[in-house]
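Engineer:
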Amino acid sequence: MAIDVVDKMMLKVLETLNEAQARWYIAREAIRMGRGGLKRMHEISGLSSPTIMKGMRELRQGKRLDVTERIRRPGGGRKRLEQSDPQFAHALNKLMDESAGGDPMSHLRWTNKSTTNIAEELTRQGHPSSDETIRRRLRELGYTMQASVKVKEGPAAVGRDEQFRYINAQVKKFLARGEPILSVDTKKKEQVGDFKNPGTMWRPKGKPLAVNTSDYPNLGSGPAIPYGAYDVNRNEGFVNVGMTHDTAEFAVESLRRWWRMVGRRHYNAVRALLLCADGGGSNGSRNRVWKFYLQRLSDELGIQMTVCHYPPGTSKWNKIEHRMFSFISMNWRGQPLVSYETVVNLIGATRTKTGLRVKAKLDTSTYEAGVKIPDEAMERLNIQLHQVNPKWNYTISPRQVGHKS
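With my numbering, letter number 298 in the sequence shown gets 309, and the count goes up by one each step, no holes.
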């Protein structure tokens, strides 16, 4: 819990009050705050919950402060641990420095150790203390409890920045020619059935949707594997929902279905398209099966296909992630994916204020994992590697009629 300026002012006032006055002051603030006020004031003041509740009862019953009630003389009562144990503060700071992090420019500090664990460790070191004392002292020092944040991306791949510039240049070139640019990827696999889906949705009060207590796959209908194609030119998406494995053949079939259901209506005259894909997975840069089936699709449609892969560890920059997949997740949050029909309908119902529209189709075909492509077949591909980062950039062109796959 962070302690703000108002809280600090409250603590200063509290220091000037005797026991009875402090009890009523904190009780009044708890009542004023309403729901959660008792817990909040307990955390800020350090007064016990029973003491605060006593004050709340006294105020609500219209009682007057009993001036005859024993009030300790100044300096009376139990000494703060910091006073009775001068080394306590040093020991606490030393312990926190071993596990603390933060921005020294903003003086923001935090710890991932619980107050109970810290109290136990200090007690073990010869500084007996309670979790309440630790909580109060940490608040005074400006610590807060925080979750970890994913910000470290690891070592950058060689040529990473150059690749981003190259992808940007390719996108501009295809946009200028009016040729389709597809951002493609597989969304996280979902289990279909009466399973809890993270998030909340509007329901009658006290009537949450009942789902299975366990998430064992055998209790459901199987996996839903959404492979998406996001049309950057038109802000439109297509998702092919598979039922077996996320394979390269499935990825290319998803592109074929995009073309049949959406693409050819808008791009019937074009003879080239750009695919922006992650560096791994079913459409990975080193996936031979992906290139093999992409060549077949190029032959079938008579369209030249340029592929630009994002460098390793940069998939979050793929436009489909934040322009389409994120909104699909928002649209079905809290909603159990009880059937494949539900999955398809929820994806297809995804809309945004910027005009995003998504079509979805269920793919009932079986895709086998572990398919191998022989070297002879790879040698027959009509593929041209680009000069810039050839491992990530290549163009597959249609082969002449009568070729052998």
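All C-beta atoms in this analysis are idealised placements derived from N, C-alpha and C, irrespective of residue type, glycine included.
(1) Please state the DSSP three-state secondary structure of L230.
(2) Let me check one thing: in DSSP terms, what residues is M341 bridge-paired to?
(3) Relative to the C-alpha of S140, which residue among T126, R150 and E151 is closest?
(4) Applying the 10 Å Cβ sphere with the 16-neighbour rule, what's the burial state of Y227?
(5) Could you tell me which residues DSSP pairs with M21 in its beta bridges?
(6) Excluding the 5 residues flanking M116 on each side, which residues of the same chain have their C-beta closer than 7 Å to its C-beta?
(7) When you compare only the Cα positions, how much space is there between D419 and S194?
(8) Since A168 contacts P323 with CB under 8 Å, what's their CB separation in whole angstroms?
(9) Pick out the complete beta strand (DSSP E) segments inside the region 305 to 375, 3 residues or longer, and give them in chain order.
(10) In this structure, how does DSSP classify V399 when only helix, strand and coil are distinguished?
(11) Using the three-state DSSP reduction, which class does R147 fall into: helix, strand or coil?
(12) Rounded to a whole number of angstroms, what is the C-alpha to C-alpha distance between A380 and K364?
(13) Short check: CB of S309 to CB of W403, under 8 Å?
(14) Identify every residue that forms a DSSP beta bridge with N251.
(15) From T255 to R147, what does the alpha carbon distance come to, in whole angstroms?
(16) In chain order, what residues of the same chain lie with their CB nearer than 6 Å to the CB of P409, ignoring the 5 residues before and after it?
(17) With DSSP as the reference, please indicate the residues paired to A288 in a beta bridge.
(18) For D114, count neighbouring C-beta atoms within 10 Å of its own C-beta (all shown protein chains included) and say buried if the count is 16 or more, exposed if not.
(19) Once you ignore the five residues that flank G231 on each side, which residues in its own chain have a CB closer than 7 Å to its CB?
(20) In this structure, how does DSSP classify N208 when only helix, strand and coil are distinguished?
(21) Tell me, which residues are paired with E201 by DSSP?
(22) If we ignore side chains and look at the alpha-carbon of each, how far apart do L70 and F99 end up?
(23) Within 10 angstroms of the Cβ of L133, are there 16 or more other Cβ atoms? Answer buried if so, exposed if not.
(24) Identify whether Y154 lies in helix, strand or coil by the three-state DSSP scheme.
(25) In three-state DSSP terms, what is I55?
(26) Taking the continuous beta strand (DSSP E) assigned at N179, which residues delimit it?
(27) How big is the Cα-Cα spacing for G217 and L186?
(28) Rounded to a whole number of angstroms, what is the C-alpha to C-alpha distance between D359 and P219?
(29) If you reduce the DSSP assignment to three classes, tell me which class Y378 lands in.
(30) Measuring only the C-alpha atoms, how far is R150 from M64?
(31) What would DSSP say about A283, mapped onto helix, strand or coil?
(32) Just to confirm the assignment, what range does the beta strand (DSSP E) spanning N404 have?
(33) Classify R268 as buried or exposed, calling it buried when 16 or more other Cβ atoms lie within 10 Å of its own Cβ.
(34) Here's the rule I'm using: 16 or more other beta-carbon atoms within 10 Å means buried, otherwise exposed. How should N179 be labelled?
(35) Take every Cβ of the region 284 to 301, pair it with every Cβ of the region 256 to 267, and state whether three or more of those distances are shorter than 8 Å.
(36) Going by alpha carbons, who is nearest to T377 out of M20, G248 and A262?
Structural biologist: The answer reads as follows:
(1) Here residue 230 refers to the residue found at position 219 when the sequence shown is read from its first residue. Per DSSP, reduced to three states, the secondary structure at L230 is helical.
(2) Within the sequence shown, residue 341 is the residue found at index 330, counting from 1. Beta-bridge pairing links M341 to no other residue.
(3) For the purposes of this step, residue 140 is taken as residue 129 along the sequence shown, with counting starting at 1. Here the closest residue by C-alpha is T126.
(4) One-based indexing of the sequence shown puts residue 227 at position 216. Result: exposed.
(5) Indexing the sequence shown from 1 puts residue 21 at position 10. Looking at the DSSP output, M21 sits in no beta bridge, so it has no partner there.
(6) By one-based count along the sequence shown, residue 116 stands at place 105. Caution applies to M116, whose pLDDT of 33 falls short of 50 and renders its modelled position unreliable; the value that the coordinates give is listed next. For M116, where only same-chain residues beyond five positions count, there are no Cβ hits under 7 Å.
(7) The shown model of the chain, from 12 to 416, leaves out residue 419, and the question about it has no answer.
(8) Stepping through the sequence shown from its first residue, residue 168 is reached at position 157. Stepping through the sequence shown from its first residue, residue 323 is reached at position 312. The Cβ separation is near 5 Å, so the contact holds.
(9) Restricted to the region 305 to 375, the beta strand (DSSP E) segments that are unbroken, complete and at least 3 residues in length are 315 to 320 and 368 to 373, listed in chain order.
(10) Here residue 399 corresponds to residue number 388 of the sequence shown, with the count starting at 1. V399 falls in the coil class under three-state DSSP.
(11) One-based indexing of the sequence shown puts residue 147 at position 136. Helix, per DSSP.
(12) Locating residue 380 in the sequence shown gives position 369, counting from the first residue. Locating residue 364 in the sequence shown gives position 353, counting from the first residue. Distance between the alpha carbons of A380 and K364 is about 39 Å.
(13) Along the sequence shown, read from residue 1 onward, the residue named residue 309 stands at position 298. Along the sequence shown, read from residue 1 onward, the residue named residue 403 stands at position 392. No, these two residues do not count as a Cβ contact at 8 Å.
(14) Translated into the one-based positions of the sequence shown, residue 251 becomes position 240. Paired residues: Y238 and K372.
(15) Walking along the sequence shown from the start, residue 255 turns up at place 244. Walking along the sequence shown from the start, residue 147 turns up at place 136. Their backbone Cα atoms lie some 54 Å apart in a straight line.
(16) The residue labelled residue 409 in the question sits at position 398 within the sequence shown. Exclusion of the five residues before and after P409 leaves S309, D310 and G313 as the residues of its chain whose Cβ lies within less than 6 Å of its Cβ.
(17) Counting from one through the sequence shown, the residue named residue 288 turns up at place 277. Paired residue(s): V195 and H320.
(18) Position 103 of the sequence shown, counting from 1, holds the residue named residue 114. Residue placement at D114 is poorly supported in this model, since its pLDDT is 39, which falls under 50; the coordinates are not used for a value here.
(19) Counting from 1 along the sequence shown, the entry for residue 231 is found at position 220. Here the set comprises Q202, V203, G204 and F206.
(20) Indexing the sequence shown from 1 puts residue 208 at position 197. If DSSP states are grouped into helix, strand and coil, N208 belongs with coil.
(21) Indexing the sequence shown from 1 puts residue 201 at position 190. DSSP lists A235 as partners of E201.
(22) Walking along the sequence shown from the start, residue 70 turns up at place 59. Walking along the sequence shown from the start, residue 99 turns up at place 88. Each residue's Cα considered, the two are about 37 Å apart.
(23) By one-based count along the sequence shown, residue 133 stands at place 122. L133 is buried by the Cβ-count criterion.
(24) If you number the sequence shown from 1, residue 154 lands on position 143. In the structure shown, Y154 sits in a strand (DSSP, three-state: E or B).
(25) For the purposes of this step, residue 55 is taken as residue 44 along the sequence shown, with counting starting at 1. It is helical.
(26) On the sequence shown, position 168 is the one that residue 179 refers to. No beta strand (DSSP E) holds N179; the alpha helix (DSSP H) holding it covers R171 to R188.
(27) The count along the sequence shown starts at 1 and reaches residue 217 at position 206. The count along the sequence shown starts at 1 and reaches residue 186 at position 175. For G217 and L186, the distance between alpha carbons rounds to 51 Å.
(28) Stepping through the sequence shown from its first residue, residue 359 is reached at position 348. Stepping through the sequence shown from its first residue, residue 219 is reached at position 208. Per the sequence shown, the amino acid found at residue 359 is Gly instead of Asp. Looking at the two C-alpha atoms, the distance is approximately 25 Å.
(29) Along the sequence shown, read from residue 1 onward, the residue named residue 378 stands at position 367. Here Y378 sits in coil by DSSP.
(30) Translated into the one-based positions of the sequence shown, residue 150 becomes position 139. Translated into the one-based positions of the sequence shown, residue 64 becomes position 53. Distance between the alpha carbons of R150 and M64 is about 23 Å.
(31) Taking the first residue of the sequence shown as 1, we reach residue 283 at position 272. Looking at A283 - three-state DSSP - the assignment turns out to be strand.
(32) Here residue 404 refers to the residue found at position 393 of the sequence shown. Where N404 is concerned, the enclosing beta strand (DSSP E) stretches over N404 to I407.
(33) Here the question's residue 268 lines up with position 257 in the sequence shown. Counting Cβ neighbours within 10 Å, R268 comes out buried, since at least 16 surround it.
(34) Looking up residue 179 in the sequence shown gives position 168. Burial call: exposed.
(35) yes
(36) The count along the sequence shown starts at 1 and reaches residue 377 at position 366. Ranking M20, G248 and A262 by Cα distance to T377 puts A262 first.
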